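Numbering (mature numbering (1 follows the signal peptide of the UniProt record, and there is no 0)), first residue to last: -23 to -1, 1 to 566.
The next block holds one structure in the form of structure tokens; read it before the comments.
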């Protein structure tokens, strides 16, 4: 009994550690929050502009193919794409940089106080490394060739050195919209005002004249690292990873993977090779995604970021899909891409852009998005995602290829062939009345959702929860949909429901259950799910969602009823049907 109790306690402690150690910025409470850089209001992040005014250019940056000027003392140049350059990144917890290195140039020792970095070499050879924290201060290094990938954990001192005589180029992503940078030499010896030479002399165990000489090299009139000029904007604090290096050991199945002893970590735990190799695009959609997540780089465990390479054949498509746990930031290496995403209900706005080499675009977390090769040759992109394991749900596979299949009856019906002063708070701010009233189910799908979220109860603001009542007519359905920002837990008050959800790629498993009065079922965040009244009378359910504003994306409306419409060429290829079938479906929405 004592052994079992100890085992149980260990599992609980490990589970709590994992839940605290997922390193990402806080989850967004809406589809996106395009930054208003000119707002006088100071918040942790940036104030949002009206979502209805958002345009494709809010999620776009051009020029990452342009080489940076490396004619400076360290021989490198960082071109950042953070929220300062791309306002659509606000609240989405990710950013990107291009780093150019002259022959033998370095990106000097520095830290990112708010982000883990994942880097891939596009050209040349780099010698890279990071140093663990006290007391070990272990230096972990690796020589990287073109196509290799390496991870620098959040807050640790790290560097890159061009190990060749020619120029080198890398693309890196960081797990914050505003990761910040602290260049060690400049911060310690070039601070304004200067740190006392008495303090530094004692800290570095050298004579003061050595400190004075070093400070003279980095004084305010000397060269400063404007080549790495991050905009000093506030950003939501990320839950920090607890261990420095949490390389997975497959001991327990937990929210994250358990960690091996950090002393056993090696450079290869943070390394992947092969991102320079083209993927095989000889498949019906003409694209191939090569992932680099925690399954390929165990050192990514708890660090909240990953990377992919995407190859596109001529006119190839990365079909409409979502990442239930991540925002994606993508840059084009070769070719021309037509890309887009669809906002959640009720607007279902399609926001699109044509991207050329060096352009950058953002796809907000859990929203349906796609890319299509719009050129006559092959195309290549590199993308980073704000999760070690972002997941993917390809809409066509999940809805029409689940295992077992979603009932044809269900699909046929679904697709139709400001914060207040706390002193002024009142009881009514936390109150809603009317959830006992049946909703009007006289509509094509035969169901009605009555929401009780922050729009109805202002006191829910920041509290991360909401509720709905769902009424179902006889044989009515709540059609396949996702909640981009929430898990749902549902209980049946009246009637019988047939419910299910579909797991993400590659399995697309359909998990279903028949629920009776009093039964409870859970639909995980971001996964496609549905409910159907399986009885002869009306049915009623109450559900709670883990967000004050969970959002909803009804698959049929988002894919076939977006505004403007997604090209029927894209949908025909994604769903592997004739365009006239797509045109017919679009005409229903």
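For glycine and all other residues, C-beta sits at the position ideal for the given N, C-alpha and C.
None of the values given here were measured: they were computed from a predicted structure.
Review point. What span of residues does the alpha helix (DSSP H) with residue 164 cover, start to end?
Key: 161 to 166
**Study point:** Where residue 254 sits in the DSSP three-state scheme
**Key:** coil
Check your understanding: What is the DSSP secondary structure of residue 191, reduced to helix, strand or coil?
Key -> helix
Practice item. With DSSP as the reference, label residue 29 as helix, strand or coil. Key: helix
Review point. Of the residues 40, 565, 385, 545, which one's Cα is nearest the Cα of residue 296?
Key: 545
Practice item. Measure the Cβ-Cβ separation of residue 262 and residue 312 and say whether it is below 9 Å. Key: no
Point to revise | Bridge-paired residues (DSSP) for residue 284 | key: 269, 361
**Study point:** Local conformation of residue 387 per DSSP, three classes
**Key:** helix
Review point. Contact check, residue 471 vs residue 520 under 8 Å by CB: the rounded distance?
Key: 14 Å between Cβ atoms; not a contact.
Check your understanding: At which residues does the beta strand (DSSP E) containing residue 347 begin and terminate?
Key -> 345 to 350
Exercise for review: Could you tell me whether the region 49 to 69 touches the region 121 to 130, where touching means 3 or more Cβ pairs closer than 8 Å?
Suggested key: no
Check your understanding: So residue 293 is in the beta strand (DSSP E); what residue range does that whole segment cover?
Key -> Careful: residue 293 lies outside any beta strand (DSSP E) and carries neither H nor E.
Practice item. Note down, in chain order, each residue of its chain lying with its Cβ closer than 6 Å to the Cβ of residue 256, except the 5 sequence neighbours on either side. Key: 265, 267, 288
Practice item. Take the Cβ of residue 497 as the centre, count every other Cβ of all protein chains shown within 10 Å, and call the residue buried at 16 or more, exposed below. Key: exposed
Point to revise | Between the CA atoms of residue 98 and residue 251 - distance to the nearest angstrom | key: 10 Å
**Study point:** Under the three-state DSSP convention, the category residue 331 falls into
**Key:** strand
Check your understanding: Under 9 Å between the Cβ atoms of residue 505 and residue 376?
Key -> yes
**Study point:** 7 Å Cβ shell around residue 513 - same chain, five flanking residues per side excluded
**Key:** 451
Review point. Does the Cβ-Cβ distance between residue 454 and residue 494 come in under 9 Å?
Key: no
Check your understanding: Can at least three beta-carbon pairs, one atom from the region 39 to 48 and one from the region 104 to 116, be found at a separation below 8 Å?
Key -> no
Review point. Hey, out of 460, 373, 81, 364, whose CA is closest to residue 146's CA?
Key: 81
**Study point:** Where the alpha helix (DSSP H) through residue 72 begins and ends
**Key:** Premise fails: residue 72 lies in the beta strand (DSSP E), 72 to 78, not in any alpha helix (DSSP H).
Practice item. Note down, in chain order, each residue of its chain lying with its Cβ closer than 8 Å to the Cβ of residue 198, except the 5 sequence neighbours on either side. Key: Legend: pLDDT at residue 198 = 40, less than 50; position of this residue unreliable, value from coordinates given subsequently. Answer for residue 198: no residue qualifies.
Practice item. Name, in chain order, the residues that DSSP records as bridge partners for residue 444. Key: 429, 521
Check your understanding: What residues are listed by DSSP as bridge partners for residue 264?
Key -> 289
Point to revise | Extent of the continuous alpha helix (DSSP H) run through residue 240 | key: First-last for residue 240: undefined, no H or E at that position.
**Study point:** Own chain, CB closer than 8 Å to residue 221, minus 5 neighbours either side, in chain order
**Key:** Annotation note: pLDDT 37 at residue 221 (below 50); position unreliable, coordinate value reported separately. Taken in chain order, the residues that qualify are 109, 110, 130, 133, 239.
Practice item. Would you tell me roughly how many angstroms separate the C-alpha atoms of residue 422 and residue 530, rounded to the nearest one? Key: 15 Å
Point to revise | 9 Å Cβ cutoff met for residue 642 and residue 524 | key: Beyond the ends of the chain as shown, which are -23 and 566, falls residue 642; an answer cannot be given.
**Study point:** residue 508: first and last residue of the uninterrupted beta strand (DSSP E) it sits in
**Key:** 505 to 510
Check your understanding: Which stretch, first to last residue, makes up the beta strand (DSSP E) that contains residue 620?
Key -> Nothing can be reported for residue 620: it is not among the residues displayed for the chain, which extend from -23 to 566.
Check your understanding: When DSSP builds the beta bridges, which residues end up paired with residue 66?
Key -> The partner list for residue 66 (beta bridge, DSSP) is empty, contrary to what the question assumes.
Exercise for review: List the whole-angstrom C-beta distance separating residue 195 from residue 166, where the pair is believed to meet the contact cut-off of C-beta under 8 Å.
Suggested key: 4 Å
Review point. Is it buried or exposed for residue 272, if we count other Cβ within 10 angstroms and need 16 for buried?
Key: exposed
Exercise for review: Go ahead and pull the three-state DSSP assignment for residue 248.
Suggested key: strand
Exercise for review: Grab the span of the alpha helix (DSSP H) containing residue 550 for me, first residue to last.
Suggested key: 545 to 552
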